[in-house]
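Each remark here refers to the structure printed beneath this line.
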Amino acid sequence: MNLIRFVCTLGLLLAGAAHAAPLKIYGMESRPISFLNDSRPDGFAVELARAIQDRLNQHDVIEIVPWARANSLAVVGPGVLLLSIVRTAERERNLHFAGAIFNTRVTAFALKGKPAEWQKQNIDLHTLRAGGRRSSIFVSLPRAQGYQVLDETNTSETAAKMLLNRRFDLWFDGEELYGDALRQAGYRESEVEVAFRLDLVEVHFAFSKGTSPAIIRAWERELKELKRDGGFLKIYRKWLSPHQLPPDVALSH
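When you line the sequence shown up against the working numbering, it's residues 23 to 275, in that order.
Here it is, written out as structure tokens:
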């Protein structure tokens, strides 16, 4: 009887630990993943996070902030959750990853017709001036592969404007992001084209170091359960394309 009481008490303590301290949850302005919709956070990662919050009976506020700010806040102290970030060895020193929640293709975009011109002129694409969103995988990965990413912007929308205004030749971003970024900037998708594609990478939730392990385990558990029972796929289909589905989710659920 004492053992049963002990186990029940321990379970309550662990459950309480998952609710003890509020999380500071940040998404960035990156439609359709996370964005402000009439001043209200919205998007795939936001909706997925809210589904997990509902299951945990948590209601921590979700904020949409510039990516560079969210990234810096995550290394300051515990209790921070970033809603969408690519897992890298460097970031693993400061963050605990949960997911994946979707895949993104790091893609180079150019003005319509430019890639054909460059091919005729035999131009080495590594020598072209490029830009991407500050502190993101869309900057670090192309640089690691030798591309001249000299311009960093706060948002994909700003990068789209700079490409269309010929401030640089290549714009590195995710294929799920560029269409909305162009529309927000006042342009049409038909004004740009894919120049080439780099790696397909997984995007995760990420918790700052020092965040309660009970909180992290609770989020990981509910994310796994959402993937198992079809709740994840229902949210996913609303926002993203089939090829971006993480490998542990079946499209035919």
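No residue lacks a Cβ here, since even glycine has one placed at the ideal position from N, Cα and C. As the structure is a computational prediction, the values presented were derived from the model and not from experiment.
Quick one: Cα of residue i to Cα of residue j, how far?
{"i": "E197", "j": "L117", "result": "25 Å"}
{"i": "K183", "j": "V98", "result": "32 Å"}
{"i": "I276", "j": "S106", "result": "No statement about residue 276 is possible, as the shown extent of the chain runs from 23 to 275 and does not include it."}
{"i": "P269", "j": "F124", "result": "9 Å"}
{"i": "L248", "j": "P63", "result": "21 Å"}
{"i": "F229", "j": "N144", "result": "45 Å"}
{"i": "A96", "j": "S212", "result": "37 Å"}
{"i": "I86", "j": "I55", "result": "11 Å"}
{"i": "T233", "j": "Q141", "result": "50 Å"}
{"i": "L156", "j": "G252", "result": "The identity of residue 156 in the sequence shown is Arg, whereas the question assumes Leu. Roughly 34 Å between the two C-alpha positions."}
{"i": "F119", "j": "V102", "result": "12 Å"}
{"i": "A39", "j": "D76", "result": "Because A39 sits at a pLDDT of 46, beneath the cut-off of 50, its placement in the model cannot be relied upon, and the following sentence gives the value as read from the coordinates. Taking the straight line from one Cα to the other gives about 17 Å."}
{"i": "H81", "j": "A73", "result": "10 Å"}
{"i": "W261", "j": "F190", "result": "30 Å"}
{"i": "L45", "j": "V83", "result": "8 Å"}
{"i": "R227", "j": "G65", "result": "Strictly speaking, residue 227 in this sequence is Phe, with Arg absent from that position. Between F227 and G65, the C-alpha separation is close to 14 Å."}
{"i": "D60", "j": "V68", "result": "14 Å"}
{"i": "R188", "j": "L104", "result": "32 Å"}
{"i": "L222", "j": "L78", "result": "32 Å"}
{"i": "H41", "j": "A71", "result": "With a pLDDT of 49 at H41, under the threshold of 50, the predicted position of this residue should be treated as unreliable, though the coordinate-derived value follows. C-alpha separation (whole angstroms): 15 Å."}
{"i": "A90", "j": "S178", "result": "12 Å"}
{"i": "K136", "j": "D146", "result": "13 Å"}
{"i": "A43", "j": "L273", "result": "35 Å"}
Assuming residue i contacts residue j under a Cβ cut-off of 8 Å, what Cβ separation, rounded to an integer in Å, is found between them?
{"i": "L217", "j": "A138", "result": "It should be noted that the sequence gives Ala, not Leu, for residue 217. Not a contact, Cβ separation roughly 10 Å."}
{"i": "A122", "j": "V214", "result": "No, A122 and V214 are not in contact; Cβ-Cβ is about 27 Å, not under 8 Å."}
{"i": "D202", "j": "R53", "result": "4 Å"}
{"i": "Y200", "j": "L186", "result": "Not confirmed; about 12 Å, so no contact."}
{"i": "R127", "j": "R219", "result": "5 Å"}
{"i": "T175", "j": "A181", "result": "5 Å"}
{"i": "M50", "j": "P100", "result": "Not really, about 20 Å apart at Cβ, beyond 8 Å."}
{"i": "L192", "j": "A132", "result": "6 Å"}
Which two residues bound the contiguous beta strand (DSSP E) that contains residue i?
{"i": "Q141", "result": "It is not in any beta strand (DSSP E) - Q141 instead sits in the alpha helix (DSSP H) that spans K136 to K142."}
{"i": "E224", "result": "V214 to S230"}
{"i": "Q170", "result": "Q170 to T175"}
{"i": "H161", "result": "One point to set straight first is that residue 161 is Val, not His, in the sequence displayed. Run containing V161: none in the beta strand (DSSP E); it sits in the alpha helix (DSSP H), I159 to A166."}
{"i": "G196", "result": "L192 to G196"}
{"i": "D155", "result": "One detail in the question is off: residue 155 reads as Arg in this sequence, not Asp. R151 to R155 is the span of the beta strand (DSSP E), which, as asked, contains R155."}
{"i": "L267", "result": "Premise fails: L267 is in no beta strand (DSSP E) and is neither H nor E."}
{"i": "L103", "result": "V102 to V108"}
For the alpha helix (DSSP H) containing residue i, list its first residue and its last residue.
{"i": "I84", "result": "Premise fails: I84 lies in the beta strand (DSSP E), I84 to I86, not in any alpha helix (DSSP H)."}
{"i": "T129", "result": "T129 -> not in any alpha helix (DSSP H); beta strand (DSSP E) instead, spanning L117 to L133."}
{"i": "I238", "result": "P235 to D251"}
{"i": "L186", "result": "S178 to L186"}
{"i": "S94", "result": "W89 to L95"}
{"i": "L262", "result": "First-last for L262: undefined, no H or E at that position."}
{"i": "L199", "result": "It is not in any alpha helix (DSSP H) - L199 carries neither H nor E in the DSSP assignment."}
* Touch test, the segment 148-157 against the segment 165-177, Cβ-Cβ under 8 Å, three pairs minimum -> yes
* Quick check: the segment 243-261 against the segment 103-116, are there 3 or more CB pairs under 8 Å? -> no
* Within the segment 43-77, note down every full alpha helix (DSSP H) run reaching 4 residues or more, in order along the chain. => none
* **Stretch-stretch touch, CB-based, cutoff 8 Å, three pairs: the segment 246-258 with the segment 155-164** => no
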